[in-house]
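K.L.:
For the sequence shown, the tail end lands on 209 under this note's numbering, and the numbers increase by one without skipping. For glycine and all other residues, C-beta sits at the position ideal for the given N, C-alpha and C. If you scroll down you'll find the structure; I have some questions about it.
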Amino acid sequence: MNSIEYLYLCDEVSVVEASLFVLGVDSIQKYSSVEHWNSEERPAGYDIVRRAIANALSKGEIKGNVIHLQESAYRQNPFPVDVKGSTVFIKSLLEWLKKKDRNNNPLANMLSSRQAYLDPNHERYAPKLAAAVNAWEAMEDASLYAGKSPKKALEAWLKAHAADFDLILQDGHPNRNGITEAAKVANWQPSGGAPKTPSR
């Protein structure tokens with residue numbers, strides 16, 4: 010999955026992340042320190058989008074949690090929005106984009122085209138099915154199963170992301186049975202055997 014697709018696992022994101030999502034960047038980690046870059050080094054349109062989202066959040070046009078860089082009892086107008094600490098609600102962000110007639114935005118397109126069975130808000134959402142599909146997609150990165158069987162690699166990924174798909178028991182430990190079952194569904198080499206990908 011790319012960064013935009015992971016939005017289905019989030020209820021809210023920072024203003025910085027929201028701005029990058031709106032611009033359709035393929036990796037949030039790549040731009041994790043974007044606020045420290047010079048303007049010419051940032052993605053095209055980043056400053057404008059970030060300012061628009063921060064202003065909309067501050068005015069209540071986008072719902073979320075606003076944190077200002079500094080509070081003051083001596084100024085009527087608030088200080089600038091802390092774009093790293095402030096968060097916006099995903100649903101509210103999408104509604105705001107639609108009002109701005111930005112239905113062709115990469116973020117809106119990705120979320121609207123995502124299969125219904127992977128949408129946690131769908132009435133028939135099945136966490137174990139979503140876990141299996143996402144684990145299978147994650148294996149696009151061959152390094153995840155280098156020197157391992159697909160079964161082991163899938164189980165490792167599912168264990169690392171267990172909390173994202175309700176694969177956690179009441180005692181806080183990963184649900185081994187659930188992980189095993191999801192891995193079986195996603196396993197493209199159910200017959201077993203030696204790993205086909207060389208060790209690194």
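1. DSSP three-state call for I177: helix, strand or coil?
2. What did DSSP end up calling N74 once you bin it into helix, strand or coil?
3. What's the gap between the Cα of V43 and the Cα of P159?
4. Cβ of K168 within 9 angstroms of Cβ of P183?
5. C19 to G94, Cα distance in whole Å?
6. How many angstroms separate the CA atom of G201 from the CA atom of L138?
7. If we call anything under 9 angstroms between Cβ atoms a contact, is N143 one with H170?
8. Based on the DSSP output, what are the partners of P183 in its beta bridges?
9. Counting Cβ pairs closer than 8 angstroms, one from the stretch 59-66 and one from the stretch 19-35, do we hit at least three?
10. I'd like to confirm the pairing. Which residues does DSSP put opposite T5 in its beta bridges?
11. Keeping to the same chain, check which residues put their C-beta closer than 7 angstroms to that of I177; ignore five residues upstream and five downstream.
12. Please list, in chain order, all residues of the same chain as V58 whose beta carbon is under 7 angstroms from its beta carbon, the five residues on each side excluded.
13. Leaving out five residues before and five after I188 in sequence, what residues of the same chain have Cβ atoms less than 7 angstroms from its Cβ?
14. Is G54 buried or exposed, if buried means 16 or more other CB atoms sit within 10 Å of its CB?
15. In terms of alpha-carbon separation, which member of E149, N186, D150 and T96 lies closest to I71?
P.N.:
Here's the rundown:
1. In this structure, I177 counts as strand in the three-state DSSP scheme.
2. Note: N74 maps to strand in three-state DSSP.
3. About 36 angstroms.
4. If you check the CB distance, K168 and P183 come in under 9 angstroms.
5. If you draw a straight line from the Cα of C19 to the Cα of G94, it comes to about 16 angstroms.
6. Straight-line spacing of the CA atoms in G201 and L138 works out to 22 angstroms.
7. Yes, the Cβ-Cβ distance between N143 and H170 is below 9 angstroms.
8. Residue pairing from DSSP places P183 in a beta bridge opposite I177.
9. Yes, the stretch 59-66 touches the stretch 19-35.
10. Outside the shown range of the chain, which is 10 to 209, sits residue 5, and nothing can be said about it.
11. For I177, where only same-chain residues beyond five positions count, the Cβ hits under 7 angstroms are A171, P183 and N184.
12. Hits under 7 angstroms: S28, V31 and L32.
13. Excluding positions up to five away in sequence, the list reads E164, L167, K168, A171 and L176.
14. Burial call: exposed.
15. The shortest C-alpha separation from I71 is found at T96.
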